[in-house]
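Numbering (my numbering), first residue to last: 79 to 243.
Inspection log for the structure reproduced underneath, given as structure tokens.
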């Protein structure tokens, strides 16, 4: 199962440098805190609509593969993050199987819990980078994050209803 927003997310083209954009736009795109928390600060009830979740092989993550360790399997989670039931963001998380050990096994059991609620409660969370992308008038970003030094890749596409626009 897929969703048009996830297709567009995979089509994002990334800037090699941070572009000169409106400061308010950059504030959203370069946010280092939880996007879930930012949406809640807008006075909204945040929920997750699950699109796809499960193990995949390398051939299903061609965009992410160069940014992650080469492994036989990866945990893939594709969701829509909704505010008051309206989709504001499409998210795609790719987690190498080697990351899924110890406390990070919880990444497989998030269900309808927003990823940010898990990630940003961890004292071991670090971020290697944020890249800004754009496709067909929509903005997105991707980040390689680490939990206890173990990598995962998060890609987010801001949908038209998002307050980023």
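Backbone N, C-alpha and C define an ideal beta-carbon position, used for all residues, glycine too.
By alpha-carbon positions, which one of 147, 146 and 174 ends up nearest to residue 133?
Along the chain shown, one-based indexing puts residue 133 at 55. The candidate whose alpha carbon is nearest that of residue 133 is 174.
Contiguous alpha helix (DSSP H) assignments of at least 4 residues, all confined to the region 164 to 209:
193 to 197
From which residue to which residue does the alpha helix (DSSP H) around residue 118 run?
Looking up residue 118 in the chain shown gives position 40. Segment 113 to 119, the alpha helix (DSSP H) holding residue 118.
In or out: residue 196 buried (at least 16 other Cβ within 10 Å) or exposed?
Counted from its first residue, the chain shown places residue 196 at position 118. Residue 196 is buried by the Cβ-count criterion.
Excluding the 5 residues preceding and the 5 following residue 176 in the sequence, name in chain order all residues of the same chain whose CB lies nearer than 8 Å to its CB.
Mapped onto the chain shown, residue 176 falls at position 98. Excluding sequence neighbours, residue 176 sits near 147, 149 and 228.
Give me whichever residues DSSP pairs with residue 88 in a beta bridge.
As a first step, residue 88 must be located in the chain shown, where it is residue number 10. Answer is none; residue 88 lacks a bridge partner.
Strictly by DSSP, which residues pair up with residue 229?
The residue you call residue 229 lines up with position 151 of the chain shown. Looking at the DSSP assignment, residue 229 forms a beta bridge with 224.
Tell me the DSSP bridge mates of residue 211?
In the chain shown, the residue the question calls residue 211 occupies position 133. Paired residues: 92 and 218.
On the DSSP letters alone, give me the boundaries of the beta strand (DSSP E) that residue 159 sits inside.
Residue numbering aside, residue 159 sits at position 81 when the chain shown is read from its first letter. 152 to 161 is the extent of the beta strand (DSSP E) around residue 159.
With a threshold of 8 Å on Cβ separation, who are the neighbours of residue 124 within its own chain once the five nearest residues in sequence on each side are excluded?
Your numbering for residue 124 matches position 46 in the chain shown. 114, 117, 118, 159, 160, 161 and 192.
Between 201, 81, 241 and 88, which lies nearest to residue 220 when the distance is taken from Cα to Cα?
Taking the chain shown and counting its residues from 1, the one referred to as residue 220 is at position 142. Per the Cα distances, 88.
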